[in-house]
Amino acid sequence: MKRLMRTCAAALAGITALITALPATAAPGAAGQPGIDWTPAQIRAAFAPVRAGRKLLPKHWPAGAKVAVVLSFDVDNETWMIPNGKIDHGIASEYQYGATEGLPKVLKLLADRSLPATFFVPAADMLAPETLPAITASGRNEVAIHGWVHEDVVKLNDAALEERLTRQAFDYLKAKTGKAPVGMRTARGAPAPIPSPPRRSWACSTTAA
Ligand SMILES: [Zn+2]
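Take 19 as the starting number for the sequence shown in this note's numbering and just add one per residue.
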């Protein structure tokens, strides 16, 4: 019996020594979860850029409609891999189907039902020059900005650079379609961390989806 107790005591001591030797970061539950210690003010600050803003719901829809539906599409295709400068040709070959197969199917579906839609297009449509003419051919659809090359404005974190790229995209789309783009949706629906004056002066709306 004494021998058994000695064995147990030795095992317990071994376990205790092992736990003591573990690094502090290995504490279960706390590792990699710094938010568990945030104050209410820190929690509010962390979510501040994505709080719902002013209610824009009108009291009545035009012509007494009961509901309004917005159809909008982001025409990304392979442009999302441009900003980081790393082009994976295997993946890019798959995303090109968005231009060659996906967009024509969407446009046909809309045309069959005479439905208008808004297309958010990165200005880097030079990869698929047929994109903008195809979208605007029916005269029903709108074109809007989706970044210059689908850049992440949160990572940019630079008001001047964001403005330059947005204006570049605005001018490019206007020149290509003959009309000013009707609005902007940032790439990945990322909220711009810095208010961008040009959008207001162009009367463009920013939506995140
Ligand atoms: Zn996108």
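We put the beta carbon where it would ideally sit given N, CA and C, even for glycine.
- By a C-beta neighbour count over all protein chains shown, 10 Å radius and 16 as the cutoff for buried, is residue 41 buried or exposed? Below a pLDDT of 50, predicted positions are generally treated as unreliable, and residue 41, at 49, falls in that range; no measurement from the model is reported.
- Query: Between residue 206 and residue 162, which are expected to be in contact by the criterion C-beta below 8 angstroms, what is the C-beta distance as a whole number of angstroms?
  - Reply: So it is not a contact: roughly 15 angstroms between Cβ atoms.
- Considering residue 136, what are the terminal residues of the beta strand (DSSP E) in which it resides? Annotation for residue 136: the continuous beta strand (DSSP E) segment containing it runs 136–139.
- Query: How many whole angstroms separate the CB atoms of residue 136 and residue 90, which I take to be in contact at a CB cut-off of 8 angstroms?
  - Reply: Taking 8 angstroms as the upper bound for CB-CB distance, residue 136 and residue 90 are in contact here, some 4 angstroms apart.
- Task: Go ahead and pull the three-state DSSP assignment for residue 189.
- Result: When DSSP states are grouped into helix, strand and coil, residue 189 belongs to the helix group.
- Message: Between 69, 73, 156, which has its C-alpha nearest residue 126's C-alpha?
- Response: For the residues 69, 73, 156, the minimum Cα distance to residue 126 belongs to 156.
- Query: Cβ-heavy atom distance between residue 187 and ligand 1 below 7 angstroms?
  - Reply: With a cut-off of 7 angstroms, the C-beta of residue 187 is classified as distant from ligand 1, since no heavy atom of the ligand falls inside that distance.
- Query: According to the Cβ coordinates, are residue 140 and residue 94 closer than 8 angstroms?
  - Reply: Contact flag set, yes.
- Message: Less than 8 angstroms between the beta carbons of residue 171 and residue 208, yes or no?
- Response: Yes. Within cutoff.
- Residue nearest to residue 138 in terms of C-alpha spacing, selected from 154, 132, 54, 59: The residue with the shortest Cα to Cα distance from residue 138 is 154.
- How about residue 168 and residue 97: are their beta carbons less than 8 angstroms apart? Yes, Cβ-Cβ distance for residue 168 and residue 97 is below 8 angstroms.
- Is residue 166 near ligand 1, in the sense that its beta carbon is under 7 angstroms from a heavy atom of that ligand? No - ligand 1 has no heavy atom lying nearer than 7 angstroms to the Cβ of residue 166.
- Item | Nonlocal neighbours in the same chain, by C-beta distance under 6 angstroms from residue 39, ignoring five residues either side | Bear in mind that a pLDDT of 49 at residue 39, under 50, signals an unreliable position, so the number given afterwards is only what the model happens to contain. Excluding residues up to 5 positions away in sequence, nothing lies with its Cβ nearer than 6 angstroms to the Cβ of residue 39 in the same chain.
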